[in-house]
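In order, the protein sequence lines correspond to chains A and B.
This note's numbering numbers the first residue of the first sequence as 343 and each following residue consecutively.
This note's numbering numbers the first residue of the second sequence as 498 and each following residue consecutively.
Ideal placement from N, C-alpha and C gives every residue a C-beta, glycine not left out.
A short write-up of the structure that comes next.
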Amino acid sequence: MGFGDLKSAAGLRVLNDFLADKSYIEGYVPSQADIAVFEAIATPPPADLYHALRWYNHIKSYEKQKASLPGVKKALAKYGPADVEDTTDAATDSKNDDDIDLFGSDDEEESEEAKKLREERLAQYESKKSKKPAVVAKSSILLDVKPWDDETDMAKLEECVRSIQADGLVWGSSKLVPVGYGIKKLQIQCVVEDDKVGTDMLEERITAFEDYVQSMDVAAFNKI
Amino acid sequence: VPVLQTNNGPGLTGLMTIAAHLVKQAKKDQLLGSTAEEKAVVQQWLEYRVTRVDGGSSKEDTRIILKDLNVHLEDKVYLAGNIFTLADILMYYGLHHVMVELTVQEKEKYLNVSRWFNHIQHYPGVRQHLSNVVFIKNRLYTNAH
């Protein structure tokens, strides 16, 4: 974790992004976490980083109470987005990076940076991918199921559709909509978890009931 | 229109009047603001709640309210700036039914309102029986700003 180098513009940008949807560094009350980050910033953030500036002014108003805020002050690297490193004091640390002395040539500084960047980007990508399941993405799908003719038993058709069970699939309400010539189509709602159930799977299983179902369409697909 | 009937006083009518009265009774005057400016800002949002939020709620009105709020909250943590006041509480209750219905995209569009709302609903004692409105942590529509 960390915000990169908080004394640089890039680090402040990370902080700004982090605070766009949060009032505090950690949780919903001011704490030592906010004090730790506040003290690492040299000057108030510029006006264009307005989330960081908002937070800065707010925490400044707690100056007198800073010792009594809850929590324990931890190292800067413990706060912030999970995929960014803290490099605020990197100027002093870089001299200890003897392990990355693989090439031993004058170009070593450049390739070090390029490697670090690539690794950072990879780590970011991985953690973004793994973060996703924490948020269960759901969608509400409205399906149109069409029978062969007006003699098809719609009650039986509905039963067949509802009998399709899957992890992450919940059937909702349904109604019969007339389409002409006495034929009615079944409009049925369902809520699915995007990762687990897809419309093609649904289509396959519904059209499998060949005796009743002539075809199936997705009438509406809304993200929840 | 809400009415408060007490045992030893006149009956009071009106949401803001009752709310302010209860705050003073509970001796939590700081909820109404400490400085003159803060008090004025609190009053401003209480008035806003009754006239704009409760008064008109067509889709267009709601959008204007959300836009106003989003601009106001850009540089403030609470409606009155740095302190939690009655304005936050009553605007939270007034807007809950709106926030519940917003799509993910709208919540990101009104990012400051979402941040403020998420903060207030976690404030101890505020949410009570209302449902928790979910705000997704990962921004999906980052090009929108």
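{"Item": "Are the beta-carbon atoms belonging to V555(A) and L499(A) less than 8 angstroms from one another?", "Value": "yes"}
{"Item": "Apart from the five residues on each side of it in sequence, which residues of its chain come closer than 6 angstroms, Cβ to Cβ, to D428(A)?", "Value": "G344, L418, A419"}
{"Item": "Specify the secondary structure class of L501(B) as computed by DSSP and reduced to three states.", "Value": "strand"}
{"Item": "Look up A562(A) in the DSSP assignment and give the residues it is bridged to.", "Value": "L484(A)"}
{"Item": "By the DSSP assignment, the beta strand (DSSP E) with I530(A) in it spans what residues?", "Value": "525 to 535"}
{"Item": "Going along chain A in order, which residues have a C-beta closer than 8 angstroms to the C-beta of S611(B)?", "Value": "D363"}
{"Item": "Beta strand (DSSP E) containing G514(A): first to last residue?", "Value": "511 to 522"}
{"Item": "Kindly give me the distance between the Cβ atoms of L411(A) and Y404(A), rounded to whole angstroms, as I take these residues to be in contact under 8 angstroms.", "Value": "7 angstroms"}
{"Item": "For a quick check, are the C-beta atoms of D486(A) and Q531(A) less than 8 angstroms apart?", "Value": "no"}
{"Item": "Could you say which of I367(A), L357(A), G540(A), P423(A) lies nearest to A465(A) if we only look at CA atoms?", "Value": "P423(A)"}
{"Item": "Would D572(B) count as contacting chain A if we go by Cβ distances under 8 angstroms?", "Value": "yes"}
{"Item": "Helix or strand or just coil, what does DSSP make of S557(A)?", "Value": "strand"}
{"Item": "When the cut-off is 8 angstroms and only beta carbons count, does R396(A) lie next to chain B?", "Value": "yes"}
{"Item": "Within 10 angstroms of the Cβ of N564(A), are there 16 or more other Cβ atoms? Answer buried if so, exposed if not.", "Value": "exposed"}
{"Item": "Helix or strand or just coil, what does DSSP make of Y370(A)?", "Value": "coil"}
{"Item": "Work out the CA separation of E368(A) and V630(B) for me, nearest whole Å.", "Value": "19 angstroms"}
{"Item": "Expressed to the nearest angstrom, what Euclidean distance is found between the alpha-carbon atoms of D435(A) and Q407(A)?", "Value": "Per-residue confidence for D435(A) stands at a pLDDT of 46, beneath the threshold of 50, marking its modelled position as unreliable; no derived number is given."}
{"Item": "Less than 8 angstroms between the CB atoms is what I'm expecting for V610(B) and N567(B), so what's the real figure, rounded?", "Value": "5 angstroms"}
{"Item": "List, in chain order, every chain A residue whose beta-carbon is nearer than 9 angstroms to that of F632(B).", "Value": "D363"}
{"Item": "Put T510(B) into one of helix, strand or coil per three-state DSSP.", "Value": "strand"}
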